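Asker: Before I ask anything, let me first share the structure, which is written out below as structure tokens.
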Amino acid sequence: MDVMPNPAILTVDDDPAVSRAVARDIRRRYGDRYRVVRADSAETALEALRELKLRGEQVAVLIADYRMPQMNGIEFLEAAMDLFPAARRVLLTAYADTDAAINAINVVDLDHYLLKPWHPPEEKLYPVLDQLLEAWTAGGATATPELRVVGHRWSAPSFKARDFLARNLVPFRWVLADEAEGAELLRAAGVTANDVPLVVTADGKSLVQPSPADLAAQVGLATTPAADFYDLVVVGAGPAGLGAAVYGASEGLRTVLIERRATGGQAGQSSRIENYLGFPDGVSGAQLTDRARRQALRFGAELLSAREVVSLENAGGARVLRFSDGSSVAAHTVVLATGVSYRMLPAPGLAELTGRGCFYGSVASEAPSCSGEDVYIVGGANSAGQAAVHFSRYARRVHLLIRGDDLARSMSSYLIDQIARIDAIEVHPCTEVVGGAGQDHLERVTLRDMRTGETREADTSWLFVFIGAEPHTDWLDGAVARDRRGFVLTGPDLTRGGHRPAGWALPRDPYHLESSMPGVFAAGDVRAESVKRVASAVGEGAMAVSLVHRYLEAQ
98 MDVMPNPAIL
108 TVDDDPAVSR
118 AVARDIRRRY
128 GDRYRVVRAD
138 SAETALEALR
148 ELKLRGEQVA
158 VLIADYRMPQ
168 MNGIEFLEAA
178 MDLFPAARRV
188 LLTAYADTDA
198 AINAINVVDL
208 DHYLLKPWHP
218 PEEKLYPVLD
228 QLLEAWTAGG
238 ATATPELRVV
248 GHRWSAPSFK
258 ARDFLARNLV
268 PFRWVLADEA
278 EGAELLRAAG
288 VTANDVPLVV
298 TADGKSLVQP
308 SPADLAAQVG
318 LATTPAADFY
328 DLVVVGAGPA
338 GLGAAVYGAS
348 EGLRTVLIER
358 RATGGQAGQS
368 SRIENYLGFP
378 DGVSGAQLTD
388 RARRQALRFG
398 AELLSAREVV
408 SLENAGGARV
418 LRFSDGSSVA
428 AHTVVLATGV
438 SYRMLPAPGL
448 AELTGRGCFY
458 GSVASEAPSC
468 SGEDVYIVGG
478 ANSAGQAAVH
488 FSRYARRVHL
498 LIRGDDLARS
508 MSSYLIDQIA
518 RIDAIEVHPC
528 TEVVGGAGQD
538 HLERVTLRDM
548 RTGETREADT
558 SWLFVFIGAE
568 PHTDWLDGAV
578 ARDRRGFVLT
588 GPDLTRGGHR
598 PAGWALPRDP
608 YHLESSMPGV
618 FAAGDVRAES
628 VKRVASAVGE
638 GAMAVSLVHR
648 YLEAQ
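Numbered by the numbering used here, the letters in the sequence shown go through residues 98 to 652 in order.
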């Protein structure tokens, strides 16, 4: 079995003398436990980080000089966070740049800034790094095992395994089954290429076609609640759910957050959110999700992964949630924050190609594989626009297909302007996908001009769909009132003609975010008539907790 290499401390500075000096001082103190990686430009440093990521290695600390050409230290650290969100971040600055360092605290969640020169290192460098390395180790980063995932390029089950790990920020190395290493791992596990995906842990354990719950257990994600009863159960770990968990736990409520796939929801898949308050340079969905998740855990919230809730019951003073395996958890109150999913394209031939060239939502892990190829994106809202911008960095050309005449009806103006400046993106108005075909993966799509009815075929292996919004509420049938599309009705929407909802026994009207079951609240996209924006979802999650307190105080 291969021995895991030491975690890395990466330093980047375009001044060779400074770069050598900081690497020398760090190596002298930490060289026996950490590998020091030195780069002389931000691009070189990012390339080194990409290689470390692909090899499944770890990075403990990133140290970047502020004044670098093409990409300054803040911009580098922001990009590096997408690859190693748990790494601690340090900015090297001159005295005149302290304002920039303070700004970086908000932009990239900076851990520390060091003024140059840092001599003597025993006083100005080592105490800082000691503290950061201790915090990184305490955060559990070193305990995460390297995983190797063996599969076929166009295998839908292989894609699901990789997508689950990537969205949960678990490092892994992807190995093709028809490569030498992949074939060796399959033989060692006693399986064939027909049995993929095969997941091999660092200690040599083999998992054949593992379920999300199996993967979660192997990578250290909690799947079982620590208690039987809580003050608050939050179902769904998108922005609304994370907001509710942070505020609930920080205000002393025993809180558990339950997620069936991965934290972040649709927002967690966004390559860049540029209109979220407090992030003037934008923030990726993965960055925002990771910060919120760490924040909730720091306040004491529990986070359960790969657990599907299948029913909600009113049991007197308790609300009981049952899982798909028959187990259950109960609480005084519940916040429903299950969000929505993208609607499936009804075009013939696409259903069987899902995960094999046809994807729903943005799959950031697939972007590098699109290099030099044509990518087709369906949808005209912000999520589709953000994906188009992201994939344009890799693809030869990105084709954005919309049903309307232009993007103005459903996309933010800043994003429309950004798309207009990118030559690699072509917008196709009044165009829909009416078919797809391919052998083992998507090879072509059939497009129809909605104005003329004419159809044409386009060769592509990449189709990403961002249409419609279907709430995850079938499991609530008969438990809480929903509208005709399945969204949860709350507050004033439950009262008609001055009458409270059927079965409502309390001597008051439902609170603003409260459902037809007292003590059960809805927040974010799952709520009827909600504003489908990340900021509003977070706000509703926080507001739901304030109403939870009001409900508990009245009991």
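Even glycine gets a Cβ: it sits at the ideal position worked out from N, Cα and C. Predicted model, so just to flag it, every value in this text is computed and none were measured.
Do I160 and T108 have their CB atoms nearer than 7 angstroms?
Answerer: On the sequence shown, position 63 is the one that residue 160 refers to. On the sequence shown, position 11 is the one that residue 108 refers to. Yes, the Cβ-Cβ distance between I160 and T108 is below 7 angstroms.
Asker: Find the nearest neighbour of F326 within the set S402, G414, D571 and P307, judged by alpha-carbon distance.
Answerer: Within the sequence shown, the letter at position 229 stands for residue 326. Comparing Cα-Cα distances from F326 to each of S402, G414, D571 and P307, the minimum goes to G414.
Asker: Can you tell me which of the three DSSP states T386 falls into?
Answerer: Here the question's residue 386 lines up with position 289 in the sequence shown. Note: T386 maps to helix in three-state DSSP.
Asker: Should P309 go down as buried or exposed, given a rule of 16 or more other Cβ atoms within 10 Å for buried?
Answerer: Along the sequence shown, read from residue 1 onward, the residue named residue 309 stands at position 212. With 16 or more other Cβ atoms within 10 Å, it is buried.
Asker: Three or more beta-carbon pairs under 8 angstroms between the stretch 499 to 506 and the stretch 381 to 397, yes or no?
Answerer: Verdict: no, contact absent.
Asker: Just tell me which of Q366, V432, A428 and M508 has its CA closest to the CA of F456.
Answerer: One-based indexing of the sequence shown puts residue 456 at position 359. When each option's Cα is compared against that of F456, the closest is Q366.
Asker: Could you tell me the distance, in whole angstroms, from the CA atom of L295 to the CA atom of V305?
Answerer: Here residue 295 is taken as the residue at index 198 of the sequence shown, counted from 1. Here residue 305 is taken as the residue at index 208 of the sequence shown, counted from 1. Rounded to whole angstroms, L295 to V305 spans 5 angstroms at the Cα level.
Asker: CA-CA distance, E144 and S138?
Answerer: Along the sequence shown, one-based indexing puts residue 144 at 47. Along the sequence shown, one-based indexing puts residue 138 at 41. When rounded, the distance between both Cα atoms is 10 angstroms.
Asker: Name the DSSP beta bridge partners of P568, please?
Answerer: Translated into the one-based positions of the sequence shown, residue 568 becomes position 471. For P568, which the question treats as bridged, DSSP gives the partners V437.
Asker: At what residues does the beta strand (DSSP E) containing L159 begin and finish?
Answerer: Your numbering for residue 159 matches position 62 in the sequence shown. Taken as a continuous stretch (DSSP letters only), the beta strand (DSSP E) holding L159 covers V156 to D162.
Asker: Measure how close the beta-carbons of L226 and V158 come, nearest whole angstrom, since I'm counting them as under 8 angstroms.
Answerer: For this step, residue 226 is matched to residue 129 along the sequence shown. For this step, residue 158 is matched to residue 61 along the sequence shown. Contact flag correct, Cβ pair sits at about 7 angstroms.
Asker: What I want to know is whether the C-beta of I513 ends up closer than 6 angstroms to one or more non-hydrogen atoms of the ligand ZN.
Answerer: Absence of the ligand ZN is noted for the structure shown, with no ligands found whatsoever.
Asker: Which runs of the beta strand (DSSP E) spanning at least 3 residues fall entirely within the stretch 440 to 501, listed in chain order?
Answerer: 455 to 457, 471 to 475 and 494 to 498, all fully within the stretch 440 to 501.
Asker: Quick one: residues in its chain with C-beta nearer than 8 angstroms to the C-beta of A521, no 5 flanking neighbours on either side, listed in chain order?
Answerer: Walking along the sequence shown from the start, residue 521 turns up at place 424. Cβ within range, chain order: S489, A492, R493, R494 and V495.
Asker: May I ask you to list the residues that DSSP assigns as paired with I106?
Answerer: Numbered from its first residue, the sequence shown carries residue 106 at position 9. Answer by DSSP bridge pairing, in chain order: V133 and V158.
Asker: How many Å lie between A183 and W233 at the Cα?
Answerer: In the sequence shown, counting from the first residue as 1, residue 183 sits at position 86. In the sequence shown, counting from the first residue as 1, residue 233 sits at position 136. If I take the Cα positions, the gap works out to 7 angstroms.
Asker: Below 8 angstroms on the Cβ atoms is my contact criterion, and I expect P252 with V293 to pass it. Report the Cβ-Cβ distance as a whole number of Å.
Answerer: Numbered from its first residue, the sequence shown carries residue 252 at position 155. Numbered from its first residue, the sequence shown carries residue 293 at position 196. Correcting the residue identity first, residue 252 is Ser in this sequence and not Pro. S252 to V293, Cβ: 6 angstroms. Contact.
Asker: DSSP on A313, reduced to helix/strand/coil?
Answerer: Counting from one through the sequence shown, the residue named residue 313 turns up at place 216. Residue state, collapsed to three classes: helix.
Asker: What are the boundary residues of the beta strand (DSSP E) that includes P400?
Answerer: As a working note, residue 400 is residue 303 in the sequence shown. The sequence shown places Leu at residue 400, not Pro. First-last of the beta strand (DSSP E) with L400: E399 to L401.
Asker: Ignore the nearest five residues each way along the sequence and tell me which others in S545's own chain have a CB closer than 6 angstroms to its CB.
Answerer: Looking up residue 545 in the sequence shown gives position 448. A small fix is needed here, since residue 545 is Arg in this sequence, not Ser. Result list for R545: E529, V531 and T552, in chain order.
Asker: Do A313 and A393 count as a contact pair if the criterion is CB distance below 7 angstroms?
Answerer: Counted from its first residue, the sequence shown places residue 393 at position 296. Counted from its first residue, the sequence shown places residue 313 at position 216. Going by C-beta atoms, A393 is not nearer than 7 angstroms to A313.
Asker: How about V585 and L433: do their beta carbons lie closer than 7 angstroms?
Answerer: Sequence index remark: in the sequence shown, residue 585 carries index 488 (1-based). Sequence index remark: in the sequence shown, residue 433 carries index 336 (1-based). Closer than 7 angstroms, so yes.
Asker: Kindly indicate which three-state DSSP category D556 falls into: helix, strand or coil?
Answerer: As a position in the sequence shown, residue 556 is number 459, starting the count at 1. D556 falls in the strand class under three-state DSSP.
Asker: For V437, which of R647, R548, R630 and E231 has the nearest alpha-carbon?
Answerer: By 1-based counting over the sequence shown, the position of residue 437 is 340. The shortest Cα separation from V437 among R647, R548, R630 and E231 belongs to R630.
Asker: State the CB to CB distance for the pair V486 and R369, rounded to an integer number of angstroms; the pair is presumed to be in contact (CB under 8 angstroms).
Answerer: The sequence position of residue 486 within the sequence shown is 389, counting from 1. The sequence position of residue 369 within the sequence shown is 272, counting from 1. Right, their Cβ atoms sit about 7 angstroms apart.
Asker: Quick check: the Cα distance between E463 and A176, rounded to an integer number of angstroms?
Answerer: By one-based count along the sequence shown, residue 463 stands at place 366. By one-based count along the sequence shown, residue 176 stands at place 79. Taking the straight line joining both Cα atoms gives about 17 angstroms.
Asker: Whose CA, out of R185, S424 and T549, lies closest to the CA of Y210?
Answerer: For the purposes of this step, residue 210 is identified with residue 113 of the sequence shown, where counting begins at 1. With distances taken between Cα atoms, Y210 lies closest to R185.
Asker: Short of 6 angstroms in beta carbon distance, which residues of its chain neighbour A481, apart from the five on each side in sequence? Order them along the chain.
Answerer: Reading the sequence shown from its first residue, position 384 is the one you call residue 481. Here the set comprises I474 and F563.
Asker: Contact between the stretch 242 to 249 and the stretch 257 to 270 is defined here as three or more beta-carbon pairs at a separation below 8 angstroms; is this criterion met?
Answerer: Short answer: they touch.
Asker: Between the stretch 599 to 618 and the stretch 635 to 649, do at least 3 Cβ pairs fall closer than 8 angstroms?
Answerer: Enough Cβ pairs lie closer than 8 angstroms, so yes.
Asker: Going straight from the alpha carbon of I523 to that of L497, what length do you get?
Answerer: Counted from its first residue, the sequence shown places residue 523 at position 426. Counted from its first residue, the sequence shown places residue 497 at position 400. Ile is not the amino acid found at residue 523; the sequence shown has Glu there. The straight-line gap from Cα to Cα measures roughly 6 angstroms.
Asker: Roughly how many angstroms lie between the CA atoms of G533 and T557, to the nearest whole one?
Answerer: Working through the sequence shown from its first residue, we reach residue 533 at position 436. Working through the sequence shown from its first residue, we reach residue 557 at position 460. So the two alpha carbons sit approximately 10 angstroms from each other.
Asker: Any idea what DSSP makes of H209, helix, strand or coil?
Answerer: As a working note, residue 209 is residue 112 in the sequence shown. The answer is strand: DSSP assigns H209 an E or B state.
Asker: Is it the case that the stretch 633 to 642 contacts the stretch 332 to 340, given that we only count it when at least three CB pairs across the two stretches are under 8 angstroms?
Answerer: Yes, since at least three Cβ pairs between the stretch 332 to 340 and the stretch 633 to 642 fall closer than 8 angstroms, the two stretches touch.
Asker: Looking at D162 and L180, is the spacing between their C-beta atoms short of 7 angstroms?
Answerer: Here residue 180 refers to the residue found at position 83 of the sequence shown. Here residue 162 refers to the residue found at position 65 of the sequence shown. No, they are not a contact pair.
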